[in-house]
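Just so you know, the sequence shown maps onto residues 2 to 410 in my numbering. Each residue gets a CB set at the ideal place from its N, CA and C atoms; glycine is no exception. Bear in mind the structure is a predicted one, so any value in this text is a computation, not a measurement.
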Amino acid sequence: MTPSHITIIGAGHAAGQLIASLRSEGFTGGIRLIGEEPHLPYQRPPLSKKFLAGEAGIDAVTLRPLGFYEKEGIELVLSACVQSIDRAGHTLTLEDGRAFDYDALVLATGTRARPLPVPGAGLSGVHVLRGIDDSLALKAVLAPGKRLVVIGGGYVGLEAAATASKLGAHVTVIEAMPRLMARVASPELADHMLAVHRDNDVHVLLNTKVTALRGSGRTGVDAVMIEHGVPVAADVVLVGIGAIANVELAAAAGLAVANGIVVDAHMCTGDPQILAIGDCANHPSPFTGGRLRLESVQGAVDQAVCAAKTLVGKPDAYKAVPWFWSDQYDERLQMAGVPGADDATVLRRYDDPRQFAVWRTRGGKVTGVEAANSSKDYMAGRRLIESGKLIEPGQLADPTVGAKALLAS
Ligand SMILES: Cc1cc2nc3c(=O)[nH]c(=O)nc-3n(C[C@H](O)[C@H](O)[C@H](O)COP(=O)(O)OP(=O)(O)OC[C@H]3O[C@@H](n4cnc5c(N)ncnc54)[C@H](O)[C@@H]3O)c2cc1C
């Protein structure tokens, strides 16, 4: 039965999309949006890119203006953190003691930055990058000549490194693994981005473990201590070692949690009145045959669309091909699919060394694609993953075989 009132916890990208989708699906009931941050739902990707560079302001990253929420009659409860959910009583309580009843509840609590577990991590001058306020704080201390040390060579850290380097900072990236983006990218893409960062005067240390941050309470951080090496001098440190799903609220309420809040293909938890969407949700994936928790705008948006359909009684199982992008300098990286570790790799190279695609295949079908400056390969890859059609590796490798031919073959 369609609920008469929907409460959403977390005012991020997924929540913003859910509200728009609920209204476009014809839901006319009440919607309450409770968010810990003081901001209206906004896009996080620019926080390490154009927003950090000062090329986009808060209005540009805000998903929809205040007028949208007023017009749609949305009750906004911002700067408010939900502390507990009472499932039996259908109420939730905020940290400030306020309590609200709910009819249907959607958890869209996202993730938080993983803390660096070494001495000195709490010194001033040590930053993380998750929200608008983090990006503003980092931007305020970046200036030409400042020494920024980024701990973690994943997407967010590398994007911030690229932006800081463009702003004139002296940037060092320290990565514990033998290559950049080790959890999420192929060795080919990682090698390419390593060369790009080094060409842009970013100093990259691989296989390097951070043991402590040095500094004093008075002056803040002044160096990053590493195993088997001399301290790396720092004016500013950015910790970018991944994110942790915000599941504590759900777990305390007795909902199943396993690398995210466990939901079915319709975004429903084990409680028929509670759904979960976005970075905090762990959902079944038709592409892995198992479960998946995505950290991507596309995951947040598609899951919000799916949840809206569930809530208005038009269920449509979530089956979108996961995709993701990253912009660093002038490099446009686009990735789709969830390849398995043992899937085969097929490389497509073009005359321009900046342009290439790394295809991943299993049983003659494409399971993943990483495209560097090659949107047509990315688009073809997404369609091939979706369709599950059999394809010759030779065709994937051949840069003269266009997207049309790939899809038709
Ligand atoms: C710097 C950066 C760059 C990124 N770049 C890209 C990119 O290039 N491409 C891409 O696809 N993705 C990118 N992402 C990831 C993308 O932004 C996320 O996948 C997306 O924001 C997830 O949306 P969400 O709504 O699930 O969570 P979020 O947007 O994280 O929102 C969750 C909200 O819930 C709030 N909340 C949590 N607990 C509570 C509580 N108890 N009470 C009230 N509120 C609560 C949080 O404060 C937060 O505001 C990037 C992320 C970051 C941080």
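ask   = In chain order, what residues of the same chain lie with their CB nearer than 6 Å to the CB of Arg363, ignoring the 5 residues before and after it?
value = Asp344
query = Taking one C-beta from the stretch 122-141 and one from the stretch 285-300 each time, how about it: are there three or more such pairs within less than 8 Å?
reply = no
ask   = For Thr311, does the three-state DSSP call read helix, strand or coil?
value = helix
task = Helix, strand or coil for His14, going by three-state DSSP, please let me know.
result = helix
inquiry  = With a threshold of 6 Å (Cβ to nearest heavy atom), would Trp360 be considered close to ligand 1?
reply    = no
query = Beta-carbon separation of Leu385 and Val359 under 7 Å?
reply = no
message = Excluding the 5 residues flanking Leu149 on each side, which residues of the same chain have their C-beta closer than 6 Å to its C-beta?
response = Ala165, Ala170, Val172, Val237
ask   = Out of curiosity, what's the CA-to-CA distance linking Ser5 and Val211?
value = 52 Å
task = Taking the CB atoms as reference points, tell me whether Thr92 and Val313 lie closer together than 7 Å.
result = no
Buried or exposed by the 16-neighbour rule on C-beta atoms within 10 Å, applied to Phe352 = As written in the sequence, residue 352 is Asp, which differs from the Phe given in the question. So Asp352 ends up on the exposed side.
key: Beta carbon of Leu143 nearer than 7 Å to that of Leu117   = no
DSSP bridge partner residues for His128 (one or two, in chain order) = Leu239
request  = Using only the heavy atoms of ligand 1, determine whether one of them is closer than 6 Å to the beta carbon of Cys497.
outcome  = The displayed coordinates of the chain run from 2 to 410. Any statement about residue 497 would go beyond what the structure contains.
query = With respect to the beta strand (DSSP E) encompassing Gln329, which residues constitute its N-terminal and C-terminal limits?
reply = 324-329
request  = Just the C-alpha distance for Gly1 and Cys82, rounded to the nearest angstrom, thanks.
outcome  = Lying before the first or after the last residue shown, residue 1 is absent from the chain, which here runs from 2 to 410.
request  = Run the proximity test for Leu139: is its beta-carbon closer than 6 Å to any non-hydrogen atom belonging to ligand 1?
outcome  = no
task = Specify, as a first and last residue, the run of the alpha helix (DSSP H) that His198 falls within.
result = 188-200
key: Where Leu408 falls: helix, strand or coil (DSSP)   = helix
ask   = CA-CA distance, Ala177 and Ile152?
value = 9 Å
query = What number of angstroms, rounded off, separates the C-alpha of Ile35 from the C-alpha of Ala342?
reply = 39 Å
ask   = Can we count Ile10 as close to ligand 1, meaning its CB is less than 6 Å from some heavy atom?
value = yes
query = Which residues bound the alpha helix (DSSP H) around Ser376?
reply = 376-388
query = Span of the beta strand (DSSP E) holding Gly357?
reply = The sequence given here places Phe at residue 357; Gly does not occur at that position. Looking at the DSSP string, the run of the beta strand (DSSP E) that includes Phe357 is 357-363.
request  = Label Asn283 either buried or exposed according to how many other C-beta atoms from any shown protein chain fall within 10 Å of its C-beta, with 16 as the threshold for buried.
outcome  = buried
message = With a threshold of 7 Å on Cβ separation, who are the neighbours of Gly389 within its own chain once the five nearest residues in sequence on each side are excluded?
response = Lys366
query = Does DSSP classify Pro118 as helix, strand or coil?
reply = coil
request  = With a 10 Å radius around its C-beta and 16 neighbouring C-beta atoms as the bar for buried, classify Ile278 as buried or exposed.
outcome  = buried
inquiry  = Could you give the first and the last residue of the continuous alpha helix (DSSP H) run that contains Gln396?
reply    = 394-398
key: Where the beta strand (DSSP E) containing Asp104 begins and where it ends   = Unbroken run through Asp104: none, as it is neither H nor E.
message = Please classify Leu214 as buried or exposed, where buried requires at least 16 other C-beta atoms within 10 Å of its C-beta.
response = buried
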